[in-house]
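Here is the structure we will look at, set down as structure tokens.
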Amino acid sequence: MSVDIIVRGYHLDIYQHVNNGRYLEFLEESRWDFLGHHRLVEQFQERDLAIVVANININYRKPAVFGDVLRVSTSVAAIGNKSAKFSQEVWRLENGEPKDLVVDAVVTFCLLDDASQNAVVISGDVRAILESLLEIGA
58 MSVDIIVRGY HLDIYQHVNN GRYLEFLEES RWDFLGHHRL VEQFQERDLA
108 IVVANININY RKPAVFGDVL RVSTSVAAIG NKSAKFSQEV WRLENGEPKD
158 LVVDAVVTFC LLDDASQNAV VISGDVRAIL ESLLEIGA
């Protein structure tokens with residue numbers, strides 16, 4: 058699952074490349090697209106659960122500049138007891154094809170019970186939903 062983003066002037070820092078903080082927004086955009094495509098937000102809300110980011114480990118590989126077209130991909134990488142991980146990559150495209158890996162990240166998330174605001178064990182049908190995405194590498 059991926060989303061394409063064109064680098065605009067307001068994404069740049071004083072060095073004329075994408076500011077490191079903007080990549081967090083690009084990654085979030087792709088995660089929301091992934092969640093929407095698979096109806097995960099609705100499925101979690103039906104169970105009174107909220108998805109929250111607990112940790113982001115990001116590697117900046119190459120700079121992106123004004124006008125670059127970036128493809129941001131998201132997939133479920135791992136499922137633990139109370140957390141799971143998204144694997145994300147940002148690729149610079151050339152002629153519509155991935156050319157350079159710009160950023161890669163692992164985003165750990167938890168599911169919170171709406172009432173208690175505590176992380177819940179990922180089990181039952183919620184675990185099955187996430188495992189189905191892990192299996193197909195969506």
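Mapping of the sequence shown onto our numbering: residues 58 to 195, in sequence order.
We treat Cβ as the ideally placed atom computed from N, Cα and C, and that holds for glycine.
Hey, how far is the Cα of residue i from the Cα of residue j?
i	j	result
L69	R128	17 Å
V177	D157	38 Å
F143	N77	19 Å
L191	S140	14 Å
F101	V183	8 Å
A172	I136	23 Å
Assign residue i to one of two classes, buried (16 or more other C-beta atoms within 10 Å of its C-beta) or exposed (fewer than that).
i	result
R88	buried
I179	buried
E196	Because the chain here runs from 58 to 195, residue 196 falls outside it and cannot be looked at.
F123	exposed
H74	buried
S189	exposed
Can you tell me whether DSSP reads residue i as helix, strand or coil?
i	result
Q145	strand
H68	helix
Beta-carbon separation of residue i and residue j under 8 Å?
i	j	result
I115	F166	no
L169	L92	no
I62	E86	yes
Please confirm whether any heavy atom of the ligand ATP lies closer than 7 Å to the CB of residue i.
i	result
W89	In the structure on display, the ligand ATP does not appear, and there are no ligands present to speak of.
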